[in-house]
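Undergrad:
Residue numbers (our numbering): 4 to 100.
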């Protein structure tokens, strides 16, 4: 996360894009970290011969970790859904072309 302020400069010099990337880079890093838990646990279980436990690991990762975190980030921390904003930006940019 050292270059989270400058990484968007590779693609754009727009101040709006730079601010959006800066805002979302922390969320992206956190998401990548959390998405690495389930494949590692599943791989260890399969490698150890515990294939029957993989379904429980998947259910635990998605429903015991993913759903509560989604609820916390969406409603408690009011991060909301960014898809609507992204769609509006794409539609705005599409009209310029």
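Even glycine gets a Cβ: it sits at the ideal position worked out from N, Cα and C.
Pair every Cβ in the region 35-42 with every Cβ in the region 56-76, then say whether three or more of these pairs are closer than 8 Å.
TA: yes
Undergrad: Since residue 22 is in the alpha helix (DSSP H), which residue starts that stretch and which ends it?
TA: 18-38
Undergrad: Provide the residue span of the alpha helix (DSSP H) that contains residue 8, from first to last.
TA: Premise fails: residue 8 is in no alpha helix (DSSP H) and is neither H nor E.
Undergrad: What residue range is occupied by the uninterrupted alpha helix (DSSP H) comprising residue 68?
TA: Element bounds for residue 68: n/a, residue is neither H nor E.
Undergrad: Report back the beta-carbon spacing between residue 45 and residue 35 to the nearest angstrom; my notes put them in contact at under 8 Å.
TA: That belief does not hold up - the Cβ atoms of residue 45 and residue 35 are roughly 17 Å apart, past 8 Å.
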